[in-house]
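Here is the structure we will look at, set down as structure tokens.
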Amino acid sequence: MKRTLNYLLTISALFALAITTSCEGPEGPVGQDGQNASEVCKECHNDEKQDSVSTQYA
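Under mature numbering (1 follows the signal peptide of the UniProt record, and there is no 0), the residues of the sequence shown are numbered -18 to -1, 1 to 40, in order.
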């Protein structure tokens, strides 16, 4: 029983290790850079909008 449990635990650990380390795929084709995420986030994440959301759900 103990040997079987140890065997199953080892197989499970190896399977989890294989899944977590092999999920990186190939890079896509070379292209232009995307938008600046900081500037796009500032459209909604600013003091005015955050205050209005806070008062809406208060």
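Beta carbons are placed, not taken as given, at the ideal position from N, Cα and C, and that holds for glycine.
- In the three-state scheme derived from DSSP, where H, G and I count as helix and E and B as strand, V12 is classed as coil.
- Boundaries of the alpha helix (DSSP H) harbouring N(-13): K(-17) to T3, taken from the DSSP string.
- Per DSSP, E21 is one residue of the alpha helix (DSSP H) stretching across A19 to C23.
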